[in-house]
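Trainee:
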Amino acid sequence: MQLFLEIGKYSRLLYEAIRSATEFKTYRKNLFSEMVKTGTDSLGIVSVAGFFTGAVLTIQTSYQFTSALIPKSTIGAITSQSMIIELAAVISGLVLSGRVGARIATELGNMRVSEQIDALESMGFNSVTFLVIPRVVAGILTFPIIYIAAAISGITGGVLAGIMTGSVTVHEFMEGARMFFFPWDVAFGIIKSFVFGFVITSISCYQGYFASGGAEGVGHATTRATVLSCIYVLLSSFLLAAILL
Amino acid sequence: MRLGNELKIGITIVVAVLVGFAGFRIMKDAPIFRLGTVYYVDYAKVDGLSVGTSVLVSGIKIGSVQSLRLMPSDSVRVALSLNIPQGLPEGSVAVIRSVDLLGSKGIEIRRGSGSAIPYGGFLQGEFDEGLFSELSERGEEITDNVTASTERLSSILSEVEGMLRDGMRADLESGVGNLERATRQADELIAESRRDIAASLENLNDLLANLEALTSEERGEIQRTIANLEVASEDLREMSGSLKTVSAELSEILQKVNQGEGTIGKMINDPSLYNNLDTLTVNLNNLIKDINENPRHFLRHLRLIDVF
Chain A
0 MQLFLEIGKY SRLLYEAIRS ATEFKTYRKN LFSEMVKTGT DSLGIVSVAG FFTGAVLTIQ
60 TSYQFTSALI PKSTIGAITS QSMIIELAAV ISGLVLSGRV GARIATELGN MRVSEQIDAL
120 ESMGFNSVTF LVIPRVVAGI LTFPIIYIAA AISGITGGVL AGIMTGSVTV HEFMEGARMF
180 FFPWDVAFGI IKSFVFGFVI TSISCYQGYF ASGGAEGVGH ATTRATVLSC IYVLLSSFLL
240 AAILL
Chain B
0 MRLGNELKIG ITIVVAVLVG FAGFRIMKDA PIFRLGTVYY VDYAKVDGLS VGTSVLVSGI
60 KIGSVQSLRL MPSDSVRVAL SLNIPQGLPE GSVAVIRSVD LLGSKGIEIR RGSGSAIPYG
120 GFLQGEFDEG LFSELSERGE EITDNVTAST ERLSSILSEV EGMLRDGMRA DLESGVGNLE
180 RATRQADELI AESRRDIAAS LENLNDLLAN LEALTSEERG EIQRTIANLE VASEDLREMS
240 GSLKTVSAEL SEILQKVNQG EGTIGKMIND PSLYNNLDTL TVNLNNLIKD INENPRHFLR
300 HLRLIDVF
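Same order as they appear, the protein sequences are chains A and B.
For the record, in the first sequence the residue sitting at position 59 is 58 according to numbering that gives the first Met the number 0, with numbers rising by one throughout.
For the record, in the second sequence the residue sitting at position 167 is 166 according to numbering that gives the first Met the number 0, with numbers rising by one throughout.
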């Protein structure tokens, strides 16, 4: 019962948001500040995460492939294609579940328990338009940028790790990477990042928006926002792979 | 300077788009900020070729396959994105061939020698059947052969099995049984004769011991005999020395005789004595004949006879 109730409340929140999505003027200012907080400010952590993911992937792949029959370029192919298809989007999604999801849930939860949302409503603002839409739209718009940063830093990290451990040269790495580079993979990654941006921000907004019970309730909402974001990022990644690949 | 949120976002988006575009071009192996040199090749078939396949000149990668398009005539138009500023000469041939054992394909360009082909021009295409495609093409034949061989082998094996089943097995078993019996008999024989053999060996030993005793008893006698033999052989040597001298002298004499020296030599070598003797004999013969026929003639003067 609780599950259906949650889904219903979540759907209604989304419905409200979409219904008022045309009131751009209301949330324009919030949108840009949210885009900076969600996108630009996250680039650093996402690049670091991507870089080390790529580096580890290269080193571990070259450790696993000891057969002389497998050309070294395979290492590059595996690293770059894994980064582009799956890891850049998922790793950045997981990192941002914590970074962005927690922030959104805490902000909205605090506003809720300190009755700021009620105050907005009483002043005649549509709180969903004012608070939820800019965050969700910012997530959808900036996640592809974050995906690009993660993918490029991941492949860079892979190349550098290959050079530093001496397991694969730049030429070999890029030869393999190019052999298995398909534009559709990039499109798939970008689609994924759109979805992840939406999933993380909307779930976090929902958890924060309906928080209750003082400081403890806010903490609870934040925890749930982070955990659920992670789970739904992985779930949606699986669904997208099953549907689109 | 404090940046506004709009500016930050703008910068982020522009940088992301540029970096993403550059990354995309790099991964596509195309020049980043200019159009690649594209050439087209028409092939009858392009098995194993895909977008991104390497294009090589003398083993060095100079570009990749950009697109594959099926033409209405069922040929395939392949667009090659190449990174060669000097372009390709007229008469260049793009050969699809296997680049490794597993049959993955690459395009190798054999340069022609004419003037440069303009960008977007056409190259000649060739498809080089690799070892594996040949194998896979002839796979059915090979499989048939293998199947036939296997069937044959299995029929031979079943024949052998049948032979073993009806009779051969009994023969083999009896053979082995015979062998076993023979071995056992040999074993028994050896066991029985062991005593005899031992006795024979003992006898032999005795014989040898006797022989030894005999030789030790008669040692003095034997030594003496040997000493005598030595003396005798010494005498023989001396004798043979004298004989040698004698024979040398004889041969000297004979030589002389041969050469007709001395009386004997002359006698042997000079036939005149013989001739004289011969003549004498003939004369004597005649005389005696004469005497026989006319004894009076000779006896006339003999008074004693004249009485008659």
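Where is the CB? At the ideal position from N, CA and C, for every residue including glycine.
All of these numbers come straight from a predicted model, not from anything done at the bench.
From what residue to what residue does the alpha helix (DSSP H) around Glu140/B run?
Mentor: Note, Glu140/B: alpha helix (DSSP H), Gly138 to Met162.
Trainee: Using a Cβ cut-off of 8 Å (strictly closer), state whether Thr39/A contacts chain B.
Mentor: Closer than 8 Å to some Cβ of chain B, the Cβ of Thr39/A qualifies, so yes.
Trainee: Keeping to the same chain, check which residues put their C-beta closer than 6 Å to that of Glu22/A; ignore five residues upstream and five downstream.
Mentor: Hits under 6 Å: Thr128.
Trainee: From this set, Ser199/B, Ser103/B and Gly264/B, which residue's C-alpha is nearest Leu253/B's C-alpha?
Mentor: Measuring from the Cα of Leu253/B, the nearest candidate turns out to be Gly264/B.
Trainee: Following the continuous beta strand (DSSP E) through Tyr42/B, name the residue where it begins and the one where it ends.
Mentor: Note, Tyr42/B: beta strand (DSSP E), Thr36 to Tyr42.
Trainee: With distance defined between alpha-carbon atoms, name the residue in Gln63/A, Gln206/A, Val226/A and Leu233/A nearest to Ser10/A.
Mentor: Ranking the options by Cα distance to Ser10/A, first place goes to Gln206/A.
Trainee: Which residues of chain A have a Cβ atom closer than 7 Å to the Cβ of Thr182/B, listed in chain order?
Mentor: Here the premise fails: no neighbours, minimum Cβ distance about 55 Å.
Trainee: Among all the DSSP beta bridges, which residues are the ones paired with Gly53/B?
Mentor: Note on identity: in this sequence residue 53/B is Ser, with Gly being the wrong assignment. The partner list for Ser53/B (beta bridge, DSSP) reads Ser63/B.
Trainee: Is the separation between the beta-carbon of Gly138/A and that of Thr200/A shorter than 8 Å?
Mentor: In contact: Gly138/A and Thr200/A (Cβ atoms closer than 8 Å).
Trainee: Suppose contacts are defined by Cβ-Cβ distances below 8 Å. Is Gly49/A in contact with Ala87/A by that definition?
Mentor: Yes; because the gap between Cβ atoms is below 8 Å, this pair is in contact.
Trainee: Go through its chain and collect everything with a Cβ distance to Tyr118/B's Cβ below 6 Å, but skip five positions before and after it.
Mentor: Taken in chain order, the residues that qualify are Thr36.
Trainee: Between Met82/A and chain B, is the shortest Cβ-Cβ distance under 8 Å, so that the two count as touching?
Mentor: So, not an interface residue.
Trainee: I want to see whether chain A comes within less than 8 Å of Val64/B, judged by CB atoms only; does it?
Mentor: False, the Cβ-Cβ gap to chain A never drops below 8 Å.
Trainee: Report the rounded CA-to-CA distance for Leu42/A versus Ser113/A, giving the unit in angstroms.
Mentor: Whole-angstrom Cα-Cα distance: 31 Å.
Trainee: Can you give me the start and stop residues for the beta strand (DSSP E) that Lys104/B sits inside?
Mentor: Lys104/B -> beta strand (DSSP E) spans Lys104 to Arg109.
Trainee: What residues from chain A crowd round Gly19/B, counting only those whose CB sits closer than 7 Å?
Mentor: Those within 7 Å of Gly19/B in chain A are Ile147.
Trainee: Over what stretch of residues does the alpha helix (DSSP H) that includes Ala150/A continue unbroken?
Mentor: First-last of the alpha helix (DSSP H) with Ala150/A: Ile132 to Thr164.
Trainee: Could you check what DSSP says for Ile83/B in three-state terms: helix, strand or coil?
Mentor: Coil at Ile83/B, not helix or strand.
Trainee: Of all the CB atoms in chain B, is at least one closer than 8 Å to the CB of Ala176/A?
Mentor: For Ala176/A, the answer is yes, since a Cβ of chain B falls inside 8 Å of its Cβ.
Trainee: Once DSSP output is grouped into helix, strand and coil, what is the label at Leu78/B?
Mentor: Strictly speaking, residue 78/B in this sequence is Ala, with Leu absent from that position. Strand at Ala78/B.
Trainee: Check Ile84/A in the structure and name its three-state DSSP category.
Mentor: Residue state, collapsed to three classes: helix.
Trainee: For Arg151/A and chain B, any beta-carbon pair shorter than 8 Å?
Mentor: It should be pointed out that residue 151/A corresponds to Ile in this sequence rather than to Arg. Judged by the 8 Å Cβ criterion, Ile151/A is in contact with chain B.
Trainee: DSSP state of Ser46/A, grouped into three classes?
Mentor: Helix, per DSSP.
Trainee: Any idea what DSSP makes of Leu69/B, helix, strand or coil?
Mentor: Strand.
Trainee: Exposed or buried, what is Val135/A when buried is set at 16 or more other beta-carbons lying within 10 Å of its beta-carbon?
Mentor: Under this definition Val135/A is a buried residue.
Trainee: Could you round the C-beta distance between Ser53/B and Lys60/B to whole angstroms and report it? I think they count as a contact, below 8 Å.
Mentor: Yes, Ser53/B and Lys60/B are in contact; Cβ-Cβ is about 5 Å, under 8 Å.
Trainee: Would you call the CB atoms of Ala80/B and Ser63/B closer than 8 Å?
Mentor: The sequence given here places Ser at residue 80/B; Ala does not occur at that position. Going by C-beta atoms, Ser80/B is nearer than 8 Å to Ser63/B.
Trainee: Between Leu48/B and Phe237/A, what straight-line distance do the alpha-carbon atoms span, to the nearest angstrom?
Mentor: Distance between the alpha carbons of Leu48/B and Phe237/A is about 30 Å.
Trainee: Mind reading off the beta-carbon distance from Ile154/A to Thr37/A? Whole number of angstroms is fine, and I expect it under 8 Å.
Mentor: Contact doesn't hold; Cβ gap of about 24 Å is too wide.
Trainee: Which of the three DSSP states, helix, strand or coil, is assigned to Val94/B?
Mentor: DSSP places Val94/B in strand when its eight states are reduced to three.
Trainee: Within a Cβ cutoff of 6 Å, which residues of the same chain sit near Ser192/A, ignoring the five residues on either side of it in sequence?
Mentor: Counting only Cβ-Cβ distances below 6 Å, and skipping sequence neighbours, we find Ala88, Phe142, Pro143 and Tyr146.
Trainee: Below 8 Å CB to CB, which residues in the same chain sit around Gly261/B once its five sequence neighbours on both sides are set aside?
Mentor: So the qualifying residues of the chain are Lys255.
Trainee: Compare the C-alpha of Met26/B against each of Gly174/B, Val50/B and Ala181/B and name the closest.
Mentor: The candidate whose alpha carbon is nearest that of Met26/B is Val50/B.
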